[in-house]
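Visitor:
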Amino acid sequence: MLQPKLNIFASKPPQSQDEVIEGLLAAFDDLPGQLQICARYIIDHPHEVGLQSMRTLSANAEVQPNSYVRLARHLGFEGYDAMRERFRDFVRSGSGSSPDRVRWLQEMDKKGGSNAIFGSMAEACLENTEKMFEQQSIDDLTRAVEWMIKARRVFVLGLGLAYPLAYNFWYVARMGFDHFVLTPRHGSLPLDDIIRMDENDCLLAMTFQPYRRDTLDAVRQAKKVGAKVIGVTDSNAAALCREADLGLISPTHTPQFFHSNSAVTALLETLCALLVVRGGDQANQSVEAFHAARWEANIYDET
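If you use my numbering, the sequence shown corresponds to residues 694 to 996, in order.
1) Taking the alpha carbon of G726 as the reference point, which residue from C934, E981, Y761 has its own alpha carbon closest?
2) Going by DSSP, what residues sit across from N992 in a beta bridge?
3) Distance check for C895 and L875, CA to CA, integer angstroms please.
4) Please specify which runs of the beta strand (DSSP E), each continuous and at least 3 residues long, are wholly inside the stretch 837 to 920, giving them in chain order.
5) Let me know if T822 comes out buried or exposed under the rule of 16 or more other beta-carbons within 10 Å of its beta-carbon.
6) Taking buried to mean at least 16 other C-beta atoms within 10 Å of its own C-beta, is N954 buried or exposed?
7) In or out: F951 buried (at least 16 other Cβ within 10 Å) or exposed?
8) Can you give me the start and stop residues for the alpha helix (DSSP H) that G716 sits inside?
9) Beta-carbon within less than 6 Å of S746's beta-carbon, same chain only, minus the 5 sequence neighbours each way: which residues are those?
10) For W863, which option in L961, G880, G769 has the closest C-alpha, if you only look at C-alpha atoms?
11) Closest to S830 by C-alpha separation, out of N929, G973, V980, would be which residue?
12) Pair every Cβ in the stretch 895 to 910 with every Cβ in the stretch 924 to 944, then say whether three or more of these pairs are closer than 8 Å.
13) Taking DSSP as the reference, what is the three-state secondary structure of T945?
14) Tell me the rounded alpha-carbon separation between L850 and D774.
15) Where H872 and C965 are concerned, what is the direct C-alpha to C-alpha distance, given to the nearest angstrom?
16) What does DSSP give as the partner residue(s) for I923 in the beta ladder?
Given below as C-alpha cells:
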C-alpha cells in the first residue's frame, strides 16, 4: 500500500495531461515496481490514456487493472476515470498510415510465414520513425547541437547494442569536427575518459532497455564535474533521460525479440545534419577536405 506522504499533489490532483506526466516523472523513483510499469506506459503513450479503456491499457502494459487505480490515487485522483479525463483533449498528432500502406501490411500478415514477419518489421520501423519525428522537439535538438559545437570535447558513449549507433554518429560527426571522441576506446572503460571531463565538455550518452548501469555511472560522473549531458534513450521515464541535462527520445518497439534501431539511427542522422549546418563554413570545409583526401588516397572504387 502506498503511503499518502508520497502524493506530491497534496492540495489538489494534476489539472492537465502535462501535469500528470510531470508528476509521474517526479515520483517515478519512489513508485513500486507495478506502478512504475503503469507510469512508464502513460509517459510513453499519453494518447492512449484518453482513448483506451483501463483494461486495454493494463493488457498493453502487462499489469493488473487495479494498478492504474492505485496510480491514479497516488496522484491525488479519486480513481482512474478522474485521471483519464485529463487526457481526453489529447488528439493524436500526425497523419497516420496511408491506406495503401495499411493494405500492404495487412496482405503481408494474411500470407503468414516470412511475409508476416517482413510486414510486422516494416510496420514497426515505419511507426517508430514517424513517432520519433512527430514527438521530437526542435528546440531540444537545436540546444543539443549548440552544446556540442561549443564544447571543448564531445564524448560519444554507447555500450552493447548502442555501441554501433554511437560509433556511426561519431564517425560522421568527426568529418566536420575534430573535437568528437568515441568512448570507451579499445581496451578501456568509459570512466577512463569521463574522469578527464570538466565543465567545458559535453557527453552524448545512449542506452536502451535493458539500460546499462555502466552508462548511467558515466553520466553521473560527467554531471558531477559540471559537463553537459545529452541522453538518447527510448523513454522519458528512463533513468538516462531523467538524469541528463537534455533527453532525446526515440521508440525502439518491435514485434521480434530484439529492439529496432531504425528510428534511433534517423534521430542521430538528423543531429549530424544539424551539426554540419550549424557548424558553418568551417564544418563544410572539413567535410570537403575529408572526402577529398579519401579520393586522393584512391580509397573509393569508381568502377
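Cβ coordinates follow ideal geometry from the N, Cα and C atoms, glycine included.
Guide: Working from what's here:
1) Start at 1 with the first residue of the sequence shown, and residue 726 comes out as number 33. Among C934, E981, Y761, the Cα nearest to that of G726 belongs to Y761.
2) Counting from 1 along the sequence shown, the entry for residue 992 is found at position 299. The amino acid at residue 992 is misidentified as Asn; the sequence shows Ile. None, per the DSSP bridge assignment.
3) The count along the sequence shown starts at 1 and reaches residue 875 at position 182. The count along the sequence shown starts at 1 and reaches residue 895 at position 202. Taking the straight line from one Cα to the other gives about 12 Å.
4) Whole beta strand (DSSP E) segments, 3+ residues: 847 to 851, 873 to 876, 895 to 899.
5) Residue mapping note: residue 822 aligns to position 129 of the sequence shown, counting from 1. Buried.
6) Locating residue 954 in the sequence shown gives position 261, where the first residue counts as 1. Around the beta-carbon of N954, 16 or more other beta-carbon atoms lie within 10 Å, marking it buried.
7) Here residue 951 refers to the residue found at position 258 when the sequence shown is read from its first residue. Exposed.
8) Locating residue 716 in the sequence shown gives position 23, where the first residue counts as 1. Segment 710 to 720, the alpha helix (DSSP H) holding G716.
9) Translated into positions along the sequence shown, residue 746 becomes position 53. Cβ neighbours of S746 beyond the five flanking positions: none.
10) One-based indexing of the sequence shown puts residue 863 at position 170. Nearest C-alpha to W863: L961.
11) Reading the sequence shown from its first residue, position 137 is the one you call residue 830. Per the C-alpha coordinates, the member of N929, G973, V980 positioned closest to S830 is N929.
12) Three or more beta-carbon pairs separated by less than 8 Å link the stretch 895 to 910 to the stretch 924 to 944, which places the two stretches in contact.
13) As a working note, residue 945 is residue 252 in the sequence shown. DSSP places T945 in coil when its eight states are reduced to three.
14) Locating residue 850 in the sequence shown gives position 157, counting from the first residue. Locating residue 774 in the sequence shown gives position 81, counting from the first residue. Distance between the alpha carbons of L850 and D774 is about 42 Å.
15) As a working mapping, residue 872 is identified with position 179 in the sequence shown. As a working mapping, residue 965 is identified with position 272 in the sequence shown. Approximately 14 Å, taken between the alpha carbons.
16) Residue 923 sits at position 230 when you count from the first residue of the sequence shown. Per DSSP, the beta bridge partners of I923 are L897, L939.
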